[in-house]
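First the structure, in the form of structure tokens, and then the observations on it.
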């Protein structure tokens with residue numbers, strides 16, 4: 004019996020969208036995957052920004068969603084990290100993509116998780132849950148970040164060990180990266196925590212702060228200081244609200260592209 008070939012629609016670029024090709028797909032578990040696509044020569048973005056991506060919807064029109072770019076601004080390809088939602092309008096289709104497939108890419112990236120939105124400081128803490136890790140993968144491979152900060156810290160909280168996407172790369176401090184391997188080896192810190200399975204850290208981010216584990220091996224005081232520390236947050240709304248309120252109460256002013264501050268969040272994140 005011969006295999007049935009499903010013809011996929013040919014996407015057409017628009018004024019706001021280019022059409023790119025999927026280069027590779029990596030499935031971390033049944034709920035999480037990442038993929039790389041071609042990057043048009045005209046596409047420019049700052050590490051940490053997000054962009055609209057998508058596929059053709061059932062109505063024949065582009066079905067789009069905002070995704071943080073997981074690759075650094077210098078990369079010749081563009082990478083994304085995504086959850087799999089079986090009944091999600093886009094992710095139910097997106098999780099099935101294969102190398103060679105076409106995908107829509109927005110032409111205008113934007114976002115607040117950029118160094119331009121922060122005041123100068125000594126330590127950069129990037130707090131994430133789930134796929135909120137994506138923009139911090141980009142920033143942690145950007146050479147400028149290591150010039151701006153003495154210490155660069157990613158905190159990643161997930162439910163299961165298999166949800167720790169890019170664990171080997173982050174644990175190794177990007178050892179294969181041609182631009183930041185040397186600086187990351189000295190300045191980068193990765194603090195993963197798993198809340199529903201046995202792991203060396205198995206508490207939420209707030210507990211890591213309270214018990215001091217978040218600051219182990221990092222120069223400076225074992226607490227946040229609004230004078231020297233800068234914070235980025237991306238992930239669940241619960242985490243954003245909790246820590247946003249906490250940082251405000253402790254002397255951290257929220258920053259933006261127009262008015263840099265001590266902490267920033269990504270309000271467009273969903274996942």
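Residue numbers (this note's numbering): 4 to 274.
Every residue gets a Cβ at the ideal spot worked out from N, C-alpha and C, and that includes glycine.
Using 8 angstroms as the cut-off, classify the Cβ of residue i as near or not near the heavy atoms of the ligand ADP, replying yes or no.
i	result
residue 166	Only the bare structure without any ligand can be found here, which leaves the ligand ADP out of the picture.
Which residues share a DSSP beta bridge with residue i?
i	result
residue 197	161
residue 23	106
residue 192	156
residue 38	28, 83
residue 267	235
Between the options, which has its C-alpha nearest residue i's C-alpha?
i	options	result
residue 129	86, 198, 155	155
residue 200	166, 213, 102, 181	166
residue 62	92, 34, 179	92
residue 32	79, 249, 88	88
residue 250	261, 267, 53, 56	267
residue 252	239, 269, 228, 240	228
residue 152	132, 234, 262	234
residue 275	121, 175, 185	Because residue 275 is not part of the residues shown, which for the chain are 4 to 274, the question remains open.
residue 17	36, 35, 59	59
residue 45	77, 26, 64	77
residue 119	178, 50, 206	50
residue 207	246, 262, 115, 95	246
residue 103	25, 226, 133	25
residue 261	83, 122, 81, 90	122
residue 34	157, 172, 90	90
Please state whether DSSP places residue i in a helix, a strand or coil.
i	result
residue 154	strand
residue 274	Because the pLDDT at residue 274 is just 46, under 50, the model does not fix this residue reliably, and the value given afterwards should be weighed accordingly. The answer is coil: DSSP assigns residue 274 none of H, G, I, E or B.
residue 148	helix
residue 257	strand
residue 132	strand
residue 185	helix
residue 167	coil
residue 137	helix
residue 14	coil
residue 172	helix
Quiz item: Which residue spans inside the region 206-255 form an unbroken beta strand (DSSP E) run of at least 3?
Solution: Entirely contained in the region 206-255, the beta strand (DSSP E) runs reaching 3 residues are, in chain order, 232-237.
Exercise. Could you tell me whether the region 250-266 touches the region 159-177, where touching means 3 or more Cβ pairs closer than 8 angstroms?
Key: Touching, no.
Exercise. Would you list, in sequence order, the uninterrupted alpha helix (DSSP H) runs of no fewer than 4 residues that lie entirely inside the region 42-127?
Key: Within the region 42-127, the complete alpha helix (DSSP H) segments at least 4 residues long are 94-97, listed from N- to C-terminus.
Quiz item: Does the count of Cβ pairs from the region 69-77 and the region 130-147 closer than 8 angstroms reach three?
Solution: Judged by Cβ distances under 8 angstroms, the region 69-77 makes contact with the region 130-147, as three or more pairs qualify.
Self-check item: Any 3 or more C-beta pairs closer than 8 angstroms across the region 96-115 and the region 19-29
Solution: Taking a cut-off of 8 angstroms on C-beta distances, the region 96-115 touches the region 19-29, as three or more cross pairs fall below it.
Exercise. Specify whether the region 207-225 and the region 181-197 touch according to this definition: at least 3 beta carbon pairs, one from each stretch, less than 8 angstroms apart.
Key: Judged by Cβ distances under 8 angstroms, the region 207-225 makes contact with the region 181-197, as three or more pairs qualify.
Quiz item: Taking one C-beta from the region 95-108 and one from the region 32-44 each time, how about it: are there three or more such pairs within less than 8 angstroms?
Solution: Cβ pair count under 8 angstroms is three or more, so yes.
Exercise. Please confirm if the region 120-129 is in contact with the region 230-248, defined as three or more CB-CB distances below 8 angstroms between the two stretches.
Key: Because the criterion of three Cβ pairs below 8 angstroms is met, the region 120-129 and the region 230-248 touch.
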